[in-house]
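Chains as they are written, first to last, in full-length UniProt numbering: chain E, 1 to 249; chain D, 1 to 438.
Heads up, the beta-carbon is just placed ideally off N, CA and C, and yes, glycines get one too.
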């Protein structure tokens, strides 16, 4: 599904990714853990096609196809989804208008017919109920006045509707209390499928109690420095990142 | 105004002088109106066309922008093409003014029972006191020029207590390269209610100049919604002025949408004459290419306990220049006034510009006044959020710009007019998107 080889990326003069190698096979959930500043969020933005990063070396293959020159909207239509660490509030854009625009734009890009309004409404209703996203939230402008938990639920709602092949979850647990974490994790777990890969980026192990990964990678100073099973997360929780920060320095 | 005697006249000023000299005896009106015209033209000649050293016209230097002046509409037989109706589908009565002349046979005055429509020419002949009544405090060369040369237009009278069922559009249409000077007079009695859409359109490619002055007097406890659509032809110059006084406990909601003309200036002067009146004043500008659009707002809180809300939004593309000047005056005795003005510019291109000049002059001590001005580009984070969901860039920008303008358009609080104006904004954005794709 996703193959990253020797990926180097910088912002301005600052080199952030320094040779990332990562393979996420179809249907697997991989976690990336690492200290602050190790390049985790940059990796998520580079994968989803955000402007402002210079890819100086390496390749990103998605479904076997190089995507470095593909704009963000085309990557989305191809099946890459980023759940934001800080979902944006967009005053004046109604949540439903946004959802419909996103869904239909992706369908159009894939050569599929646009959804009829009743079909769209039905899909939103089904997905929203599972995530405790209320009709009142859906009536508001996108994320405006939403609590941290509501914003994260809205991210997972979008993921459920857009049905990506690869979901990148960037610090999805940040700002969530334990109840909200459970709702969000249940939502994510419900979307696990043999056809879908996930890349779960997190600083803390606790999210991985809920979304149990197949593989855990440790990122430090812009590289993957260690990979292992779910037990690696527990080891990090016990010992911290100190050894990795020193190793990288 | 500039105190120095002016010696050099521009070609445009010379033409205007020649036009006035030739037209003065044919212009309609009583002897008193004729002397008012002479006085107004003398006042105009003394200062000439506004230029950048005139503070109120700082960003719109008409001396430089008006290279020439087309012939007056007067006595010219014009049979141009009437452009498409931009408000099609919006239910309203229509007063149609073509090339400065009220055309009853093209108008639709149904559904406005209780209101009286009279050609302004009749008021000029009858030396009606309402002509010029709202302009006393306005020292403006363009208004003087209008007084000197005014011909067409209409007077709308809504008597006390009457609610006019349908909105009334005053449709100003210009079909040829002429100079048009229109004067409208609107009087809304106490406890009456009226919705007005003042529209301005004209032929594509026609270098006409429209100077329209409207004087409105709104009685106590009346409720008036007044929307203006400036969608003039692409080669035209639009100079529009609305001078309005609002009485005790009135509610006056006003929106100006500016999208047409090559050079445009829209002036709104609101004077609070009765206490506890509320004014909502909104503006939405959408321009591109080399367009220049200036909105000037003057709010005079002459009495206590008035409330005004000002929110102006401008979107500039290409090499366009957007301007907003807002001046709020709170007179010495006007205590407990509450005025808040916000203006925001959104630049869609590197070469566009936005200038904002908010001014507060507060002479009373127990008031609440605030103003803010911002100018910036589309927020990168918001744009990326939409792109990351698969929404193409042009569509994402359209969503964000629509949301930006909606705050001003919805501020008017009139759903039908809001929907009609949002549709016009949508067309502008769609045209922009298709140009970008081409």
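According to the DSSP secondary-structure assignment, residue 184 (chain D) is paired through a beta bridge with D:214.
Take residue 58 (chain D), set aside five residues on each side of it, and the residues of its chain with a beta-carbon closer than 6 Å to its own are 52, in chain order. Nearest Cα to residue 191 (chain E) within the set E:160, E:236, E:207: E:160.
A direct Cα-Cα distance of roughly 19 Å separates residue 193 (chain D) from residue 118 (chain D). With a threshold of 16 other beta carbon atoms within 10 Å, residue 325 (chain D) meets it and is buried. Inclusion of residue 252 (chain D) and residue 298 (chain D) in the CB contact set at 8 Å is not warranted, their separation being larger than that value. Counted as a single uninterrupted DSSP element, the alpha helix (DSSP H) harbouring residue 411 (chain D) occupies residues 393-411. Residue 3 (chain E) sits in a strand when the DSSP states are folded into three classes. At a beta-carbon threshold of 9 Å, none of the residues of chain E lie near residue 340 (chain D); the nearest stands roughly 18 Å away. Within the same chain, and ignoring the five residues on either side of residue 239 (chain D) in sequence, the residues whose Cβ sits closer than 6 Å to its Cβ are 142, 211, 265. Runs of alpha helix (DSSP H) with 4 or more residues, each lying fully within the stretch 140-166 of chain E, are found at 148-162, listed in chain order.
Annotation: Cβ neighbours of residue 158 (chain E) in chain D (cutoff 7 Å, chain order): 389.
Here residue 106 (chain E) is actually not in contact with residue 83 (chain E); their C-beta atoms are around 16 Å apart, not less than 8 Å.
CA-to-CA, the gap between residue 13 (chain D) and residue 322 (chain D) works out to about 25 Å.
Distance check between residue 286 (chain D) and each of D:349, D:371, D:144 places D:349 closest, using alpha-carbon atoms only.
Membership of residue 87 (chain D) in any beta strand (DSSP E) is not indicated, and neither H nor E is assigned to it by DSSP.
Residues of chain D with a Cβ closer than 9 Å to the Cβ of residue 188 (chain E) do not exist, since the nearest Cβ in that chain sits about 17 Å away. Within the stretch 18-52 of chain E, the runs of beta strand (DSSP E) that reach at least 3 residues and sit entirely inside it are, in chain order, 29-33.
Contact between residue 57 (chain E) and residue 215 (chain E) does not hold, since the beta-carbon distance rounds to 24 Å and is not under 8 Å.
Less than 8 Å divides the Cβ of residue 200 (chain D) from the Cβ of residue 231 (chain D).
Neighbourhood of residue 67 (chain E) in chain D, by CB distance below 7 Å: empty, with the nearest CB roughly 13 Å away. Taking 8 Å as the cut-off, the Cβ atoms of residue 233 (chain E) and residue 33 (chain E) count as close.
Taking a 10 Å sphere around the C-beta of residue 397 (chain D), we find 16 or more other C-beta atoms and assign the residue as buried.
When secondary structure is reduced to three states using DSSP, residue 307 (chain D) falls in the strand class. By the neighbour-count criterion, in which 16 or more other beta carbons inside 10 Å mark a residue as buried, residue 116 (chain D) falls on the exposed side. For residue 240 (chain E), the nearest beta carbon of chain D is not closer than 8 Å to its own beta carbon.
Put simply, of D:127, D:241, D:189 the residue whose alpha carbon is nearest the alpha carbon of residue 220 (chain D) is D:189. Annotation for residue 203 (chain E): no beta strand (DSSP E) segment contains it, and DSSP assigns it neither H nor E.
Look at the beta carbons and you see the stretch 156-166 of chain D not touching the stretch 42-50 of chain D: under three pairs across the two are nearer than 8 Å. Secondary structure note for residue 20 (chain D): its alpha helix (DSSP H) is the uninterrupted segment 11-23. Scanning its chain for C-beta atoms nearer than 7 Å, with the 5 sequence neighbours on each side dropped, one finds around residue 166 (chain D) the residues 91, 92, 93, 111, 112, in chain order. For residue 113 (chain E), there are no C-beta contacts with chain D under 9 Å, since the nearest C-beta of that chain is about 16 Å from it. Considering only beta carbons, no part of the stretch 93-108 of chain D lies closer than 9 Å to chain E.
At least one beta carbon of chain E lies nearer than 8 Å to the beta carbon of residue 406 (chain D). When Cβ-Cβ separations below 8 Å define contact, residue 313 (chain D) makes no contact with chain E. Per DSSP, the continuous alpha helix (DSSP H) segment holding residue 97 (chain E) begins and ends at 95-109.
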